[in-house]
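Asks: Counting in the working numbering, the sequence shown runs from 3 upward without gaps.
All C-beta atoms, glycine included, are put in the ideal place defined by N, C-alpha and C.
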Amino acid sequence: MTNEFKGGLIVGVENSDQAKIAEKVGARGVVVVVANANMDKTEIAFKATVTADTAVVRDVLSSVLVPVIGRIRLGHVIEAKVMEACHVDAIDEHEGLTQAADEGIEKFSSNIPIIAGVENLKESLKAILQGASMLRTHFKLKEDRPQIEETVKVLTKISDDIESLKGKTDAELTTFLGDIKYPLAGLKNIIKTKKFPVPLFAEGGIILPTDVAMVMGLNVDGCIASSLVFKVADPQRRIHSMIKAVQYYNEPTKLINYIEDS
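#1: Between which two residues does the alpha helix (DSSP H) harbouring Phe178 extend?
#2: Is the segment 148 to 167 touching the segment 121 to 133 in the sense that three or more CB pairs, one from each, lie closer than 8 Å?
#3: If contact is defined by three or more beta carbon pairs under 8 Å, each pair taking one atom from either stretch, is the segment 232 to 252 in contact with the segment 214 to 224?
#4: On the CB-based measure, 16 or more other CB atoms within 10 Å of its CB, does Ser111 come out buried or exposed?
#5: Since Gly224 and Lys26 should fall inside the 8 Å C-beta cutoff, what is the C-beta to C-beta distance between them, to a whole number of angstroms?
#6: Is it right to say Ala47 is buried, meaning 16 or more other beta carbons lie within 10 angstroms of its own, or is it exposed?
#7: What does the alpha-carbon distance come out to for the pair Met3 and Gly31?
#8: Identify the residues that DSSP records as bridge partners of Ala204: which are they?
#9: Can you tell me which of the three DSSP states Arg60 falls into?
#10: Would you kindly work out how many angstroms separate the C-alpha atoms of Gly133 and Glu108, rounded to a whole number?
#11: Taking Gly188 as the reference, which of Glu205, Ile130, Thr139 and Glu152 has the closest Cα?
#12: Tell me whether the segment 250 to 261 and the segment 51 to 66 touch, counting them as touching only if at least three CB pairs, one residue from each stretch, are closer than 8 Å.
#13: Which same chain residues end up closer than 8 Å to Ile93 when comparing Cβ atoms and leaving out the 5 residues on each side of it in sequence?
#14: Go to Glu95, then tell me how far its alpha helix (DSSP H) extends in each direction, as first and last residue.
#15: From which residue to which residue does the alpha helix (DSSP H) around Arg30 run?
#16: Could you pull out every residue in the same chain whose Cβ sits closer than 7 Å to the Cβ of Gln184, ignoring the five residues on either side in sequence?
#17: Tell me, which residues are paired with Met136 by DSSP?
#18: Would you kindly check if the distance between the Cβ of Thr158 and the Cβ of Thr139 is under 7 Å?
#19: Report buried or exposed for Pro199, applying the criterion of at least 16 other Cβ atoms within 10 angstroms of its Cβ.
#20: With DSSP collapsed to three states, give me the class of Leu11.
#21: Which class does Val68 belong to by DSSP, given the choice of helix, strand or coil?
#22: According to DSSP, what are the bridge partners of Arg75?
#23: Measure the C-alpha to C-alpha separation of Asp236 and Gln149 and round it to an integer number of angstroms.
#24: Under the rule that 16 or more other beta-carbon atoms within 10 Å means buried, what is Leu210, buried or exposed?
Right, dumping it as C-alpha cells:
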C-alpha cells in the first residue's frame, strides 16, 4: 500500500477539517498528529511527545477517502494494536515522540504497513529487515521545531553512505554490513539504483514548495508536509503548491508559478 504514496505529498493534520483540505487538493495521504492550538509551551512540550487522540484518528478516518496514517511512540506495542483496531491504513512509529523502548516494534506481525524513521544507510537496511514498509527521514528538532536543514543532512548522509560503497568487493560489503544480515544482492541493487526496495520519504520542517523541491532532488520518493502548513493564510493554496512542487521539482520554469502562488 505504501507504494501508492510514491510521487506524492502526505500532509500532517490535527483534525478532520484539515484532512478534508489536504484530500481536496490532492494529497496522497494524511498523518494524524497532536493538535497544538490553544496550548501553552509546557502543554505543547508534553503533548507533542504522545500519540494522537484515537477519537481524532477515527474522525479523520470517517471524513476522508485518502489513506490515513496513525502515529505511535517508538516501540509501543499497545499503541500499534490500538491504531490497528482503529483501522488506520498505516502506522508511523515515530522517534519524535517519547520512546517506549530502545528498539522499534516487530513489524512483520502487523496486519498493516509500518513506517520507520532512519538517518543513515545502515539504519535503513535494519528497518527493512525488521519489516518496515516505508522509510522516512529521522525526525530531528532544532530550537524545539523541525528544521529542513536537519532533513537535508539525513538525506545527504544516506546518499553519501551509498556512494561510498560503489566499487567495493563482496568482502568489503560484508564488512560494512557487520551484524546486519541484509542480502548482498539486495545491497548491490541499492548501490546500483540508489533506491531502496521500499519508499523513502522526507519529513521535518517541510512547509514550502521550495522545501519540497529541494528534498525531492535528493532522491526521495515523496514528502511529508508539516501540519504547520495550516498556520499560513491560505493552507489549501499552499498544499496545492507543494503537491505541484513534487511533480515539477526539477523544472524551475514550471515550479516558479507555484512558488508565486503559495
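Replies: In short:
#1: Per DSSP, the continuous alpha helix (DSSP H) segment holding Phe178 begins and ends at Asp172 to Leu179.
#2: yes
#3: yes
#4: It counts as exposed.
#5: Between Lys26 and Gly224 the Cβ distance is about 19 Å, and since that is not below 8 Å, they are no contact.
#6: In this prediction, Ala47 has a pLDDT of 44, which is less than 50 and means its spatial position is unreliable; nothing more can be read from the coordinates.
#7: 11 Å
#8: Cys225
#9: helix
#10: Gly133 and Glu108 have their C-alpha atoms roughly 7 Å apart.
#11: Ile130
#12: no
#13: Ile71, Gly72, Arg73, Ile74, Ala82, Met85, Glu86, Ser112, Ile114, Pro115, Ile116 and Ile117
#14: Unbroken run through Glu95 is the beta strand (DSSP E), Ala92 to His96; no alpha helix (DSSP H).
#15: Unbroken run through Arg30: none, as it is neither H nor E.
#16: The sequence given here has Tyr at residue 184, not Gln. Correct list, in chain order: Leu127 and Leu131.
#17: Ile117
#18: Contact: no.
#19: Exposed is the call here.
#20: Assignment of Leu11 by DSSP, reduced to helix, strand and coil, places it in the strand class.
#21: Annotated three-state conformation of Val68 is coil, per DSSP.
#22: His96
#23: 21 Å
#24: buried
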